Amino acid sequence: MIPSSSVKVVVVGAGLAGLSAASTLMKAGFQHIQVLEAMSRPGGRVHTTRPFGQDVIELGANWIHGQEGNPLFQLAQEQGLLLEESGSAKTMCLPGSVTPRDYFFEESGRKLPMDQVDQVCAFFSKLTSRAFSSELDPKHSTQSLGGYLDQEFAQSLQATSKVGQRLFEWCKRSECTDEASSSLYEVSAVQLCHYVALEGGFFNSLGPGGYQALVDTLLDSLPPGTVLCDRPVRSIRWALEGESHAHPVSVLCQAGQCFTADHVIVTVPLGFLKENGAAMFEPALPTSKASAIERLGFGTVDKIYLRFEKRFWPDDCAGIQLVWDAGPEDEKVYQHSQSEGGAWRDTWYKKICGFDTVARHPTVLCGWITGREAQHMETLDERMVGEVCVRLLRSFTGWSVEEPAQVLMSKWWSEPFVRGSYTYPPPGVDAVREHNALAAPLPQPSDAGHSQEKPLQVLFAGEATHVSFYTTTHGAYITGIREAQRIIELYGDKKLDS
Ligand SMILES: Cc1cc2nc3c(=O)[nH]c(=O)nc-3n(C[C@H](O)[C@H](O)[C@H](O)COP(=O)(O)OP(=O)(O)OC[C@H]3O[C@@H](n4cnc5c(N)ncnc54)[C@H](O)[C@@H]3O)c2cc1C
Numbered sequence: 010m011i012p013s014s015s016v017k018v019v020v021v022g023a024g025l026a027g028l029s030a031a032s033t034l035m036k037a038g039f040q041h042i043q044v045l046e047a048m049s050r051p052g053g054r055v056h057t058t059r060p061f062g063q064d065v066i067e068l069g070a071n072w073i074h075g076q077e078g079n080p081l082f083q084l085a086q087e088q089g090l091l092l093e094e095s096g097s098a099k100t101m102c103l104p105g106s107v108t109p110r111d112y113f114f115e116e117s118g119r120k121l122p123m124d125q126v127d128q129v130c131a132f133f134s135k136l137t138s139r140a141f142s143s144e145l146d147p148k149h150s151t152q153s154l155g156g157y158l159d160q161e162f163a164q165s166l167q168a169t170s171k172v173g174q175r176l177f178e179w180c181k182r183s184e185c186t187d188e189a190s191s192s193l194y195e196v197s198a199v200q201l202c203h204y205v206a207l208e209g210g211f212f213n214s215l216g217p218g219g220y221q222a223l224v225d226t227l228l229d230s231l232p233p234g235t236v237l238c239d240r241p242v243r244s245i246r247w248a249l250e251g252e253s254h255a256h257p258v259s260v261l262c263q264a265g266q267c268f269t270a271d272h273v274i275v276t277v278p279l280g281f282l283k284e285n286g287a288a289m290f291e292p293a294l295p296t297s298k299a300s301a302i303e304r305l306g307f308g309t310v311d312k313i314y315l316r317f318e319k320r321f322w323p324d325d326c327a328g329i330q331l332v333w334d335a336g337p338e339d340e341k342v343y344q345h346s347q348s349e350g351g352a353w354r355d356t357w358y359k360k361i362c363g364f365d366t367v368a369r370h371p372t373v374l375c376g377w378i379t380g381r382e383a384q385h386m387e388t389l390d391e392r393m394v395g396e397v398c399v400r401l402l403r404s405f406t407g408w409s410v411e412e413p414a415q416v417l418m419s420k421w422w423s424e425p426f427v428r429g430s431y432t433y434p435p436p437g438v439d440a441v442r443e444h445n446a447l448a449a450p451l452p453q454p455s456d457a458g459h460s461q462e463k464p465l466q467v468l469f470a471g472e473a474t475h476v477s478f479y480t481t482t483h484g485a486y487i488t489g490i491r492e493a494q495r496i497i498e499l500y501g502d503k504k505l506d507s
């Protein structure tokens with residue numbers, strides 16, 4: 010066994026998974042750790058910016074999902090990175106005396122009564138909770154989330170009114186942002202029960218440093234030079250044997266730089282693996298892993314930030330939600346339409362479910378859009394997207410809306426080292442099996458062709474490799490620790506040699 014002081018570990022990707030892996034190894038005494046990051050900044054899908062002054066705008070992750078048993082929340086707490094007052098994102102920018110709420114508007118400009126909105130939203134949430142808590146009737150076991158919801162909704166009283174139908178479609182569109190899917194017909198109903206929501210709410214409780222402060226905490230735990238940015242990895246050759254290979258893995262960067270290692274922890278997003286996984290590894294990935302990459306879904310969620318010179322919404326308005334006229338049938342056809350030149354491109358903006366107010370930015374709204382419409386929006390210029398948003402805000406609310414002073418949108422699909430936003434389970438996929446297959450290190454015990462003398466040559470971490478916390482930052486963080494721990498356990502007490 011080699012003492013850990015001479016063990017070389019390369020981590021590919023400096024998102025939360027990569028940084029938590031490196032930090033855990035470093036704390037355990039491993040000294041030769043190199044993190045290679047393709048982008049010019051660490052953080053990955055955590056991307057804190059300051060385009061509108063001193064206060065942060067999050068282009069990627071914004072909330073810490075749950076507190077109890079959430080190690081990232083705990084880290085933030087220990088480091089003093091939380092706001093003293095934990096309110097919802099929307100409430101924090103509004104005067105405390107008024108209870109803020111979302112305003113729901115129809116295409117006709119009518120503001121919908123809140124009791125009607127509440128009824129439909131509560132019913133929708135009851136149906137989705139059943140899916141998340143494995144309480145689905147077996148008849149829904151092969152259905153998509155969209156199919157299951159439609160079937161249940163059709164039998165409800167709310168389905169008898171046009172407004173009820175439109176609100177239900179709004180709920181479905183809004184749920185797409187949680188699932189990162191183009192439509193809920195792409196998401197399995199029954200597999201959602203594997204996702205675990207931690208207790209303690211969904212808070213934007215990070216302080217003025219935003220999510221970047223958590224990334225910085227991890228970076229500070231690493232010696233200078235550990236993380237190298239602008240180092241896109243092109244290929245990973247593993248199972249190298251013979252005298253000329255002291256280390257079984259070699260990692261080749263696009264610019265030609267080569268790193269050898271005993272262990273490589275790959276934390277690149279599932280979207281990147283979908284596009285590049287087949288060409289990146291030599292020998293090729295085993296079938297179980299290649300099919301997990303193919304089968305798990307990875308969709309796009311984008312944000313559109315609009316900064317106005319003056320706030321035009323009332324004090325008690327936490328968000329402006331757009332309830333389109335399309336009924337469920339129109340919506341199903343629209344969302345399923347595969348035609349390349351399909352009408353959906355011309356009406357991409359119909360996928361914007363609404364605009365939320367933004368913590369600490371009293372004159373900023375954040376629009377949400379998902380799926381292929383989000384991907385299409387990324388190809389348009391920001392000024393044009395801003396104009397479309399203002400047109401929508403004017404026509405739905407009837408309020409006087411000035412042109413925005415600044416527009417900023419995320420482009421997670423166009424980002425070549427991400428290619429989307431996060432993972433979801435498509436219908437017909439055994440999500441637990443696929444997440445586990447994605448997480449399994451190489452060589453696998455069943456890899457008869459590859460020597461088992463040098464175990465854990467290539468390990469996999471990242472949001473998509475967690476069975477119950479996929480999509481989240483804490484999921485990513487935990488998987489980095491999990492893979493570091495595998496290596497630490499491999500060397501057992503030898504780590505104390507360092
Ligand atoms: C719009 C949006 C909103 C979100 N909101 C939330 C939220 O509110 N709360 C929450 O918990 N989660 C949220 N998430 C999800 C969360 O951001 C991710 O789950 C988490 O950050 C993923 O971390 P990771 O380390 O697995 O991957 P990443 O952060 O993607 O890190 C992987 C890194 O690998 C790098 N890489 C890729 N290819 C290569 C290569 N060839 N060579 C070298 N490096 C490479 C990438 O550049 C990237 O930096 C959101 C995500 C998005 C996009």
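Counting in our numbering, the sequence shown runs from 10 upward without gaps. All C-beta atoms, glycine included, are put in the ideal place defined by N, C-alpha and C. Quick caveat: nothing in here was measured; it's all calculated off a predicted structure.
Paired residues, beta bridge with residue i - DSSP
| i | result |
| --- | --- |
| Met-418 | Ile-313 |
| Leu-451 | Val-467 |
| Lys-508 | A query on residue 508 cannot be resolved here, the shown segment of the chain reaching from 10 to 507 and no further. |
| Asp-365 | Gly-328 and Cys-375 |
| Ala-270 | Val-258 |
| Lys-17 | His-41 |
| Ile-245 | Val-260 and Phe-290 |
| Ile-66 | Thr-58 |
Beta-carbon spacing of residue i, residue j below 8 Å
| i | j | result |
| --- | --- | --- |
| Tyr-157 | Gly-308 | no |
| Val-18 | Ile-378 | no |
| Ala-287 | Ala-299 | yes |
| Gly-471 | Ala-198 | no |
| Val-559 | Leu-45 | Only positions 10 to 507 of the chain appear in this structure, which leaves residue 559 out of reach. |
| Val-242 | Cys-262 | yes |
| Pro-295 | Gln-453 | yes |
| Thr-33 | Pro-436 | no |
| Gly-53 | Gly-22 | yes |
| Leu-90 | Gly-216 | yes |
| Gln-125 | Val-172 | yes |
Beta-carbon contacts of residue i that lie in its chain and below 8 Å, excluding the five residues immediately before and after
| i | result |
| --- | --- |
| Pro-104 | Legend: pLDDT at Pro-104 = 39, less than 50; position of this residue unreliable, value from coordinates given subsequently. The residues are Asp-324. |
| Gly-75 | Phe-82, Ala-206, Leu-207, Glu-208, Gly-209, Gly-210, Phe-211 and His-483 |
| Glu-284 | Arg-428 |
| Glu-318 | Thr-372, Glu-411 and Ala-414 |
| Leu-145 | Arg-139, Tyr-157, Ala-198, Val-199 and Cys-202 |
Own chain partners of residue i with C-beta closer than 7 Å, once the 5 adjacent residues on each side are dropped
| i | result |
| --- | --- |
| Phe-162 | Ala-168 and Phe-177 |
| Gln-384 | Thr-309 and Trp-422 |
| Thr-226 | Leu-84 and Gln-88 |
| Val-467 | Ile-245, Trp-247, Val-258, Val-273, Val-275, Pro-450 and Leu-451 |
| Phe-132 | Ser-165 and Gln-167 |
| Glu-382 | Trp-353, Trp-357 and Lys-360 |
| Leu-68 | His-56, Thr-58, Lys-312 and Ser-419 |
| Phe-61 | Arg-316, His-370, Val-373 and Gln-415 |
| Ser-143 | Cys-202 |
| Val-397 | Tyr-358 |
Presumed contact (8 Å Cβ cut-off) between residue i and residue j, rounded CB distance
| i | j | result |
| --- | --- | --- |
| Val-427 | Phe-321 | 34 Å between Cβ atoms; not a contact. |
| Gly-328 | Lys-360 | At roughly 16 Å, the Cβ-Cβ gap does not stay under 8 Å, so Gly-328 and Lys-360 are not in contact. |
| Val-55 | Tyr-220 | 4 Å |
| Lys-420 | Gly-376 | Not really, about 14 Å apart at Cβ, beyond 8 Å. |
| Ser-430 | His-203 | That belief does not hold up - the Cβ atoms of Ser-430 and His-203 are roughly 19 Å apart, past 8 Å. |
| Thr-372 | Arg-316 | 6 Å |
| Cys-362 | Pro-109 | The pair is not a contact, with the Cβ atoms about 18 Å apart (cut-off 8 Å). |
| Leu-231 | Leu-331 | Rounded, the Cβ-Cβ distance is 44 Å, inconsistent with contact. |
| Pro-485 | Gly-24 | Here residue 485 is Ala; the residue named in the question, Pro, does not match the sequence. The pair is a contact, with the Cβ atoms about 6 Å apart (cut-off 8 Å). |
| Ser-404 | Gly-118 | 7 Å |
Proximal residues to residue i (C-beta, below 6 Å), its chain only, five neighbours per side dropped
| i | result |
| --- | --- |
| Leu-121 | Phe-113 |
| Glu-188 | Val-196 and Tyr-433 |
| Glu-443 | Ala-301, Arg-304 and Leu-305 |
| Thr-269 | His-256 and Ser-259 |
| Val-20 | Gly-27, Ala-30, Ala-31, Val-44 and Ile-274 |
| Cys-551 | Shown here, the chain extends from 10 to 507; a query on residue 551 therefore has no answer. |
| Arg-491 | none |
| Val-367 | Val-373 and Cys-375 |
| His-41 | Lys-17 |
| Ser-297 | Ala-446 |
| Ser-97 | Bear in mind that a pLDDT of 44 at Ser-97, under 50, signals an unreliable position, so the number given afterwards is only what the model happens to contain. Answer for Ser-97: no residue qualifies. |
| Thr-100 | Confidence at Thr-100 is low in this model, with a pLDDT of 38, below 50, so its placement is unreliable and the value that follows should be read with caution. Excluding positions up to five away in sequence, the list reads Pro-109. |
| Leu-505 | Caution applies to Leu-505, whose pLDDT of 41 falls short of 50 and renders its modelled position unreliable; the model cannot decide the point. |
| Glu-115 | Val-332 |
| Leu-154 | Leu-193, Val-196 and Ala-198 |
| Ser-106 | Below a pLDDT of 50, predicted positions are generally treated as unreliable, and Ser-106, at 46, falls in that range; the measurement from the model is reported next regardless. Excluding residues within five positions, none has a Cβ falling inside 6 Å. |
Distance cut-off 7 Å: residue i Cβ against heavy atoms of ligand 3
| i | result |
| --- | --- |
| Tyr-194 | Ligand 3 is absent from the structure shown, which contains only ligand 1. |
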